[in-house]
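Below is one structure, written out as structure tokens; the observations come after it.
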Amino acid sequence: MTYVFIHGLRQTSSSWDKVIARLPADIQIYRPCLSALVKGTQPAYQNLYNAFENECSCMEMPLCLCGISLGAILALQYTRNHPQKVKSLMLIAPQYKMPRLLLGIQNIMFYIFPQAAFSAMGFSKRDMIALTTSMKKIDFTPFLNEITCPVFIVCGRKDRANQKAAKMLANTIPNARLFFVENAGHEVNIDAPETLADLMKEAWLLPICKNGKTGKSCQR
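Numbering-wise (the working numbering), the sequence shown opens with residue 389 and increments by one.
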């Protein structure tokens with residue numbers, strides 16, 4: 389079994405450091421660097437997904453996928469395409485249908501930011517804008533109720549932009565549970581690594597309680 393940690397758009401694989409440091413050392417963990425996966429190719433979402441899918445094919449199955457933001461979208465699509473390979477999902481700050489208005493606002497902000505602001509992310513300014521533009525048509529709505537593995541949906545209490553989608557996912561996906569993390573914003577892995585690690589240990593490394601109600605909401 390492999391635990392796969394997929395970072396967000398404005399993050400790097402090291403964004404998981406403080407979370408992973410609190411997990412048992414004997415579990416098999418893989419955390420891809422998304423910018424490295426598409427290095428030398430056109431920075432489009434489908435190219436990124438294809439590269440991620442190829443990486444997963446080399447891992448010890450089954451997979452427990454944990455993705456935040458862009459990483460959650462990749463995890464959702466992989467589960468759609470390979471349901472038999474995924475044991476469980478943890479989706480942090482997720483979206484299932486891309487909010488075009490928010491993407492447009494985000495791209496405007498990217499245009500304003502200086503190039504230096506992107507240097508630590510691995511993607512250039514141009515690549516970041518191209519990638520987000522290529523995601524505008526993503527809509528996973530039709531297959532959400534086909535996901536049967538345990539799904540843990542996590543959202544920061546201060547992350548207003550993603551709470552609606554998180555609730556919708558929890559109410560649509562069978563065997564899903566929703567957790568709000570207090571005092572955390574969009575980047576739960578950065579804002580509350582200890583709380584997130586505790587949740588992962590309860591969800592993944594302890595027996596999963598099967599009598600909870602679908603879509604049950606909890607606070608951490």
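Glycine included, each C-beta is placed from N, C-alpha and C at the ideal position.
Would residue i pass as a contact of residue j if the rule is Cβ separation under 7 Å?
i, j, result
"Ala-572", "Ala-580", "yes"
"Ile-541", "Ala-558", "yes"
"Tyr-484", "Phe-528", "yes"
"Arg-545", "Glu-570", "yes"
"Leu-477", "Val-539", "yes"
"Ala-460", "Pro-482", "yes"
"Trp-404", "Asn-577", "yes"
Strictly by DSSP, which residues pair up with residue i?
i, result
"Ala-564", "Val-539"
"Tyr-391", "Ile-417 and Cys-452"
"Lys-485", "Asp-527"
Nearest to residue i by alpha carbon, out of the options?
i, options, result
"Arg-471", "Leu-458, Met-509, Thr-536 and Lys-525", "In the sequence on display, residue 471 carries Pro and not Arg. The option with the nearest alpha carbon to Pro-471 is Thr-536."
"Leu-462", "Leu-489, Phe-498, Leu-422 and Met-497", "Leu-422"
"Glu-443", "Ser-457, Ala-409 and Pro-420", "Pro-420"
"Asn-593", "Glu-575, Phe-511 and Cys-452", "The amino acid at residue 593 is misidentified as Asn; the sequence shows Leu. Checking every option, the nearest Cα to that of Leu-593 belongs to Cys-452."
"Thr-609", "Ala-549, Cys-454, Leu-532 and Ser-445", "The shown model of the chain, from 389 to 608, leaves out residue 609, and the question about it has no answer."
"Ala-508", "Gly-396, Thr-400 and Leu-425", "Thr-400"
"Ser-522", "Leu-397, Tyr-433, Phe-440 and Pro-450", "Tyr-433"
"Met-486", "Met-447, Ser-512 and Ala-553", "Ala-553"
Between the alpha carbons of residue i and residue j, how many angstroms are there, rounded?
i, j, result
"Ser-402", "Met-389", "21 Å"
"Ile-351", "Tyr-499", "Residue numbering for the chain in the displayed model covers 389 to 608; residue 351 lies beyond these limits and cannot be assessed."
"Asn-435", "Leu-464", "16 Å"
"Lys-525", "Phe-567", "27 Å"
"Tyr-437", "Phe-393", "14 Å"
"Lys-589", "Phe-501", "38 Å"
"Ser-457", "Ala-409", "21 Å"
"Lys-475", "Asn-495", "35 Å"
"Thr-429", "His-395", "19 Å"
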